[in-house]
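The structure under discussion appears below in the form of structure tokens.
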Amino acid sequence: MPEAAETIKDLEVPEGRLLLHDFYHDRRIRHNLEFGTILECWRLCVRGTEVRLSDGRLILLENTLGLNLGTRVCMEEIIARYYFNAVQGWVYFGAMILLIFVGLRFAGVISERMTLVGIGIEAMMLLVLSVVTHFLPNDDAQPPSLAQGRPENLLSSINQSVQGMTDAVSDLFRLISQTDMRQDILLTKLTEYISKVSAENTRLQVEKLEETNQNLRAFGEMIRTAQLEVTQQQLQKLDQTNESLQALSKSMESLHGEIRKIIRQSIDSLVTEEIGGLLSDLAKMRVEKRLAETSGSDHVPSTGGVDNQKGGS
Numbered sequence: 008m009p010e011a012a013e014t015i016k017d018l019e020v021p022e023g024r025l026l027l028h029d030f031y032h033d034r035r036i037r038h039n040l041e042f043g044t045i046l047e048c049w050r051l052c053v054r055g056t057e058v059r060l061s062d063g064r065l066i067l068l069e070n071t072l073g074l075n076l077g078t079r080v081c082m083e084e085i086i087a088r089y090y091f092n093a094v095q096g097w098v099y100f101g102a103m104i105l106l107i108f109v110g111l112r113f114a115g116v117i118s119e120r121m122t123l124v125g126i127g128i129e130a131m132m133l134l135v136l137s138v139v140t141h142f143l144p145n146d147d148a149q150p151p152s153l154a155q156g157r158p159e160n161l162l163s164s165i166n167q168s169v170q171g172m173t174d175a176v177s178d179l180f181r182l183i184s185q186t187d188m189r190q191d192i193l194l195t196k197l198t199e200y201i202s203k204v205s206a207e208n209t210r211l212q213v214e215k216l217e218e219t220n221q222n223l224r225a226f227g228e229m230i231r232t233a234q235l236e237v238t239q240q241q242l243q244k245l246d247q248t249n250e251s252l253q254a255l256s257k258s259m260e261s262l263h264g265e266i267r268k269i270i271r272q273s274i275d276s277l278v279t280e281e282i283g284g285l286l287s288d289l290a291k292m293r294v295e296k297r298l299a300e301t302s303g304s305d306h307v308p309s310t311g312g313v314d315n316q317k318g319g320s
């Protein structure tokens with residue numbers, strides 16, 4: 008059966024801070040992700056009204072702390088106490104990455120933009136460390152249950168951390184100065200190497216150009232030879248075509264003569280037939296006329312005589 012509910016003023020009082028630590032450990036066991044635990048602790052500090060632990064205890068809070076005070080209590084009791092070493096480790100890691108970036112930049116491996124990105128990341132980590140350091144509580148403000156397992160003087164550890172960071176920055180600037188001194192040597196060697204590479208590349212390019220010219224000349228000779236062969240073949244084809252055209256012209260002329268001969272024969276036959284027809288018609292007409300005259304003279308002799316006189320007149 009769960010115990011009776013307890014009541015405390017808020018999470019800012021020492022009892023509330025101890026309760027916040029119990030709540031953190033209770034939720035840290037349940038959650039696999041650190042972010043989920045930190046988010047629940049922040050929500051409890053800002054607007055929490057009750058705390059229910061896994062052992063069955065229920066603690067009621069008379070007042071809520073609000074956004075500003077609740078965030079400060081969460082930073083002091085959770086972030087600064089449990090995550091200060093992690094933040095400090097990330098700052099050292101960022102300093103190491105920055106040293107590597109600076110070395111690679113002076114070696115000419117990476118660009119200035121990458122170096123500036125490394126400097127920006129290290130600056131952000133230092134900003135986070137300064138914020139967490141700002142919320143570190145004093146030794147007399149720690150809960151009694153947590154004061155036994157921590158160093159006697161937290162400020163001394165902070166000073167040591169700052170001193171270590173100062174030494175790291177000093178080493179960084181010393182490395183930069185040494186790199187500046189070696190930069191001329193590196194540039195000289197790089198210039199010599201570039202000159203050698205340029206000379207070698209020039210020689211190779213000249214050889215390739217000569218080889219290309221030879222190939223082009225050979226190709227030109229092949230093209231000219233092929234053009235001559237094609238021209239000769241075309242001339243032969245033209246001669247053959249001319250001969251064929253001449254033969255065709257002769258055959259057309261003979262055909263034209265035959266056609267004219269046939270037309271003349273046809274015209275002659277037609278004219279002969281027409282003339283024969285006309286002559287036969289004339290002969291018939293004369294015969295008919297004579298027959299008519301003969302028959303008329305037999306039936307009307309007087310009339311015929313008169314007619315003969317008229318015809319004579």
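Per the working numbering, residue 8 is the first one in the sequence shown, and the count goes up by one each step. Glycine residues also receive a C-beta, built at the ideal position from the N, C-alpha and C atoms.
Going by alpha carbons, who is nearest to residue i out of the options?
i	options	result
Leu123	Leu136, Ile107, Val204 and Ile15	Ile107
Phe142	Arg59, Ile266, Arg50 and Asn75	Asn75
Met131	Gly110, Leu216, Val116 and Ala102	Ala102
Glu19	Glu13, Leu68 and Phe42	Leu68
Ala114	Ser273, Gln212, Pro21 and Thr195	Thr195
Glu41	Gly73, Lys215, Gly77 and Ala93	Ala93
Glu83	Val138, Glu295 and Lys16	Val138
Asp17	Ser205, Asn249, Val58 and Ala254	Val58
What's the call for residue i, buried or exposed, on a 16-neighbour Cβ count within 10 Å?
i	result
Leu134	exposed
Tyr31	buried
Met292	exposed
Arg24	buried
Gln95	buried
What's the gap between the Cα of residue i and the Cα of residue j?
i	j	result
Leu286	Arg267	28 Å
Glu13	Gly55	15 Å
Gln239	Ser258	29 Å
Val80	Phe100	28 Å
Arg34	Ile126	36 Å
Gly43	Ser61	17 Å
Thr71	Cys48	13 Å
Glu322	Ser261	Past the boundaries of the shown model lies residue 322; the chain is included only from 8 to 320, so the question cannot be answered.
Gly63	Ala87	28 Å
His28	Trp97	24 Å
Lys215	Ser251	53 Å
Met121	Glu129	13 Å
His263	Ser276	20 Å
Asp147	Leu51	Model confidence at Asp147 stands at a pLDDT of 49, short of 50, so the residue's coordinates are unreliable and nothing is read from them.
Lys296	Arg271	37 Å
Gly283	Val294	16 Å
Name the two residues that bound the continuous alpha helix (DSSP H) containing residue i.
i	result
Thr56	That residue, Thr56, is in no alpha helix (DSSP H); it is neither H nor E in DSSP.
Glu22	Pro21 to Arg37
Leu18	First-last for Leu18: undefined, no H or E at that position.
Leu74	Gly73 to Cys81
So the beta strand (DSSP E) residue i belongs to, where does it begin and stop?
i	result
Glu13	Glu13 to Ile15
Leu67	Leu65 to Leu68
Ignoring anything shorter than 4 residues, give me the alpha helix (DSSP H) runs that lie fully in the segment 89-156, in order along the chain.
91-113, 119-141 and 151-154
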